[in-house]
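Colleague: Pasting in a structure now, in structure tokens, and then I'll have a few things to ask.
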Amino acid sequence: MWVKLITAIIFLSAILLNSCNKSNRVSGTYVAQSVMLPIFNGCCTSTEVLQLNNDHTFNIYHQNDQGDYLTKEFTSGNYNLKQDVISFKPDSLNKHYDYSKVKYKIPASNDPIIFLIKQDHEPQKFYKIDFKKADSLYIGRYNLNDWDRESITIKKDGTVHYIRHSQDKNMNPVEISKYKKLTPEQFQQYIETLSQSNLFQPEETSKTYSITFSLAFKEYNIGIHDQNNIDKKLYDFFFETVKTWVK
């Protein structure tokens, strides 16, 4: 009897371990971007960011920039991985995409996984993003009440440039510009924070500031941009932690 019980426990443990390994294999951030040429005033770009988490939850951010107007949509829920196909059970219905009907395929000989193929009416490649390969990250904010401006730019080599434009009590312009090279520990914290954040959120990030975010990857020929819907924890990390590193 004990032998059977131990055998059953080992069998169930193997199943759970296999499930965790599969989840870890696909977890990460995937991005697809299509650009309609010629580009005029930012027109026209469709960007989709898919985040798959170890706990089988997902987040999707979809931005459609048509130049004269821009739409954003957010979807979250649970995903299932079976026979190298990822399917979704969204928490709510997306206005333009029913993700319960969308599937992503892991291509053969794609180990480690470097991209997924979205099985839509027009199959699309989603690159798995390595945040260490981000050529530059920019986040800027200006105060809606007094017009003070701050920005932080981080390069691939760990160089940070902090800029602040403000005014003194006599309304004279004041500019602060500082450069610093992050320590290996700081740079690792920066990468881990990016990797573990949602990047974007449906709610407005701040009522006090207008916020601009940009992340560029030359390797993938992708630029991710957003205004005012940056993940709050990520926003706080830059203006509460990274800012103190530079100052």
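Letter by letter, the sequence shown follows residues -19 to -1, 1 to 228 in mature numbering (1 follows the signal peptide of the UniProt record, and there is no 0). For glycine and all other residues, C-beta sits at the position ideal for the given N, C-alpha and C.
1) For residue 149, which three-state DSSP category applies?
2) Can you give, in chain order, each stretch of the beta strand (DSSP E) that sits fully within the stretch 78 to 102 and has at least 3 residues?
3) Kindly indicate which three-state DSSP category residue -9 falls into: helix, strand or coil?
4) So, is residue 157 buried or exposed, given that buried needs 16 or more other C-beta atoms within 10 angstroms?
5) Looking only at its chain, what residues have a beta carbon closer than 7 angstroms to the beta carbon of residue 214, apart from the 5 residues adjacent to it on each side?
6) In three-state DSSP terms, what is residue 14?
7) How far does the beta strand (DSSP E) with residue 62 in it reach, from first residue to last?
8) Going by alpha carbons, who is nearest to residue 223 out of 172, 108, 205 and 206?
9) Looking at the unbroken alpha helix (DSSP H) that takes in residue 171, where does it start and where does it end?
10) Considering only their Cβ atoms, is the gap separating residue 29 from residue 114 smaller than 8 angstroms?
11) Looking at C-alpha atoms only, which residue of 35, 121, 49 and 162 is the closest neighbour of residue 137?
12) Between the C-alpha atoms of residue 52 and residue 149, what's the straight-line distance to the nearest angstrom?
13) Closest to residue 132 by CA distance: which of 7, 14 and 221 is it?
14) Report the three-state DSSP secondary structure of residue 224 (helix, strand or coil).
15) Would you identify the three-state DSSP class for residue 216, choosing helix, strand or coil?
16) With DSSP run on the structure shown, which of helix, strand or coil describes residue 113?
Modeller: Looking at the atomic coordinates:
1) Looking at residue 149 - three-state DSSP - the assignment turns out to be coil, as it is neither helix nor strand.
2) Runs found: 84 to 86 and 96 to 99.
3) Reliability fails at residue -9, whose pLDDT of 45 lies under 50, so the model's placement of it is uncertain and the value that follows must be treated cautiously. In this structure, residue -9 counts as helix in the three-state DSSP scheme.
4) Of the other Cβ atoms in all chains shown, fewer than 16 fall within 10 Å of the Cβ of residue 157; this residue is therefore exposed.
5) Take residue 214, set aside five residues on each side of it, and the residues of its chain with a beta-carbon closer than 7 angstroms to its own are 178, in chain order.
6) Correct three-state label for residue 14: strand.
7) Its beta strand (DSSP E) spans residues 51 to 63.
8) Closest by C-alpha distance to residue 223, out of 172, 108, 205 and 206, is 172.
9) Looking at the DSSP string, the run of the alpha helix (DSSP H) that includes residue 171 is 165 to 177.
10) No, they are not a contact pair.
11) Ranking the options by Cα distance to residue 137, first place goes to 162.
12) One alpha carbon belongs to residue 52, the other to residue 149, and they sit about 38 angstroms apart.
13) It is 221.
14) Residue 224 sits in a helix when the DSSP states are folded into three classes.
15) Helix, per DSSP.
16) Here residue 113 sits in helix by DSSP.
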